[in-house]
DNA sequence: CTCAATTTGTTCGTATGTATG
DNA sequence: ACATACATACGAACAAATTGA
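Residue numbers (the working numbering), protein chains in the order written: chain S, 11 to 272; chain R, 11 to 272.
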């Protein structure tokens, strides 16, 4: 067991994994720059107050993931630019949402389609409709999965174009549909952990942190026409917020193609 | 080592900790309700495909944290309502920000005051001013820490009322200050891991997930007058977003006391 | 009160992983 | 690389407490 006055006791995670996470963060935050040499084992021993073997185990983890490259007699070097891994920015308006999924090159993979599943559980506003269609799918970018979505779409609306809804992004279609008027749209973000299913589909470990987003869209009859639960690997995830935006609802139009403000 | 076809292999975290996290999530999501009995060891063995000993180690973790209570011959019961732990909602507008810190009963603890520290590193807009004052502090609610803040305030502004700035929430004072006109305010949220310092102050484990918020406020001279990096324990954290809010800046007034819309 | 069913707690043997010096 | 100590994980059997018949 390790020594005494460290802060590592609180967590029962193996020491070398805790250290590996701290090192990974050093690289992510560019305290240790891409391509640069990281401190020597002697220095790291003093910094983290753990044994040499523990440090080697931690570095072994990072090397296995291709994050560092070690050469005897030379040193350890950062071999992957983790500062670029946080590319996904969660849309914070309906317009952004339409733009985002339209712009990104994503591949949709239907995984399991218990087509006529139960209505959506919810922590939100609006009333449940009589029937829903459920889709479970994974979004990819460059062959790497970046989110797992479970979505319920109002039955009547889905049946207008089942093929389209099953194979393409749903939000843009909802917004474009004549006869559908979106009255409310909200989402909530929490930090949770990956379960077996999520871990498998997102290629992460069970218990790893994920961003859990819960999104609800309500039409002018006050009916929930879209309810989605989405999970993103924490490392890829980011939200940018403009604190000066108006807190009141504002313009009704969402189909607009207007870009940024002039 | 454990058997075969489980998904647990990907992570090198001890199996019992992975299981503990999954069970904790069951309780948090109220799949296992407060006060209710959770499945028996035999059932859990089949569900998670792990040995009795591993389950007991996992349950031991939860019992240690007061989350479950075990009685021989009776069963294991949920002893804490984790669905109430996610009370903190990150403000998403300047108005909310002012309201939030004003409303909450918080205790501010100055911890370390390298008063005239270096200017803020930034991933944002606006220009750096000539001098900053840095404060590092922890916010408490009911004697439990819920965030660690490192904030840089423009030197000139800080010196107007150093006592006030050091001991009270900063944002409301900035907003109320005459002669200061807030032109931009943005924040970014990421999911990172607790380092030794953060873990100590927030009473969590090293490597545990935290919500990392980076907030910048710029005045009408395009100068950064406030730059903060804030860390929240992931379990307490939540963001609620209204997707229908206008994407364009909107009203300038922020000192207003107007409540919700009528 | 006793009995049986249920459920958690304990122990043994064995193997591997983690951590120190 | 070695010696040592402790933690993790399995399976299986057995012990002890609780409940209700």
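We put the CB at the ideal spot given by N, CA and C, even for glycine.
| Check | Outcome |
| --- | --- |
| With a threshold of 8 angstroms between beta-carbons, can residue 232 of chain R be considered close to chain S, or not? | no |
| Measure the alpha-carbon distance for residue 63 of chain R versus residue 210 of chain R and round it to whole angstroms. | 31 angstroms |
| In the DSSP assignment, what residue or residues form a beta bridge with residue 81 of chain S? | S/85 |
| Can you give me the C-alpha to C-alpha distance between residue 10 of chain R and residue 152 of chain R, rounded to a whole angstrom? | What the structure shows of chain R is the stretch from 11 to 272, and residue 10 of chain R is not part of that stretch, so it cannot be assessed. |
| So what does residue 142 of chain S bridge to, in DSSP terms? | S/164 |
| Against residue 21 of chain R, what residues of chain S qualify as contacts under a CB-to-CB distance less than 7 angstroms, listed in chain order? | 215, 216, 217 and 218 |
| Taking Cβ-Cβ distances shorter than 7 angstroms, what residues in chain S pair up with residue 31 of chain R? | 203 and 217 |
| Find the nearest neighbour of residue 198 of chain S within the set R/101, R/34, R/26 and R/174, judged by alpha-carbon distance. | R/101 |
| Can you pull the chain S residues whose beta carbon is under 8 angstroms from the beta carbon of residue 27 of chain R, in chain order? | 22, 23 and 217 |
| For residue 27 of chain R, count neighbouring Cβ atoms within 10 angstroms of its own Cβ and tell me buried if that reaches 16, exposed if not. | buried |
| Let me know the secondary structure DSSP gives residue 267 of chain S once reduced to three states. | Residue confidence is low: residue 267 of chain S scores 43 on pLDDT, short of 50, so the model does not pin down where it sits. Its coordinate-derived value is still stated next. Coil at residue 267 of chain S, not helix or strand. |
| Quick check: what's the CA-CA separation for residue 50 of chain S versus residue 92 of chain S? | 20 angstroms |
| Kindly indicate which three-state DSSP category residue 148 of chain R falls into: helix, strand or coil? | strand |
| Counting Cβ pairs closer than 8 angstroms, one from the stretch 68–79 of chain S and one from the stretch 162–170 of chain S, do we hit at least three? | no |
| Applying a beta-carbon distance threshold of less than 8 angstroms, which residues of chain R neighbour residue 247 of chain S? | 200 and 201 |
| Below 7 angstroms CB to CB, which residues in the same chain sit around residue 111 of chain R once its five sequence neighbours on both sides are set aside? | 179, 181 and 182 |
| Can you name the start and end residues of the beta strand (DSSP E) that residue 248 of chain R belongs to? | 247–252 |
| Can you give me the Cβ contacts of residue 201 of chain R inside the same chain, cut-off strictly under 8 angstroms, excluding the 5 residues immediately before and after it? | 219, 220, 221, 222 and 244 |
| Express the C-alpha separation of residue 34 of chain S and residue 185 of chain R in angstroms, rounding to a whole number. | 38 angstroms |
| By the three-class DSSP mapping on this structure, what secondary structure does residue 204 of chain R have? | coil |
| If we define contact as Cβ-Cβ less than 8 angstroms, is residue 250 of chain R a contact residue for chain S? | yes |
| Could you give the residue range of the beta strand (DSSP E) that holds residue 229 of chain S? | 219–229 |
| Give the interface partners of residue 18 of chain R over in chain S, defined as CB-CB distance under 9 angstroms, in chain order. | 206, 209, 215, 216 and 217 |
| Which chain R residues are close to residue 197 of chain S, counting only those with a beta carbon under 9 angstroms from its beta carbon? | 249, 250, 251, 252 and 253 |
| List the whole-angstrom C-beta distance separating residue 137 of chain R from residue 234 of chain R, where the pair is believed to meet the contact cut-off of C-beta under 8 angstroms. | 7 angstroms |
| Look up residue 103 of chain R in the DSSP assignment and say whether it is helix, strand or coil. | coil |
| Scan the stretch 84–104 of chain R for residues whose Cβ lies nearer than 7 angstroms to a Cβ of chain S and list them as they occur along the chain. | 96, 102, 103 and 104 |
| Determine whether the Cβ of residue 40 of chain R lies closer than 8 angstroms to any Cβ atom of chain S. | no |
| Please report the Cβ distance between residue 170 of chain R and residue 229 of chain R, rounded to the nearest whole angstrom; I am assuming they are in contact, meaning their Cβ atoms lie under 8 angstroms. | Not a contact, Cβ separation roughly 14 angstroms. |
| Leaving out five residues on either side along the sequence, give the residues of the same chain with a beta carbon under 7 angstroms from the beta carbon of residue 252 of chain R. | none |
| Check each candidate in R/237, R/25, R/248 and R/213 and name the one with the smallest Cα separation from residue 196 of chain R. | R/237 |
| For residue 183 of chain R, would you say it is in contact with chain S, using Cβ-to-Cβ distances shorter than 8 angstroms as the test? | no |
| Starting from residue 238 of chain R and walking both ways along the beta strand (DSSP E), at which residues does that stretch end? | 234–243 |
| Answer yes or no: do residue 142 of chain S and residue 242 of chain S have a C-beta to C-beta separation smaller than 8 angstroms? | no |
| Could you give the distance in angstroms between the alpha-carbon of residue 41 of chain S and the alpha-carbon of residue 217 of chain R? | 17 angstroms |
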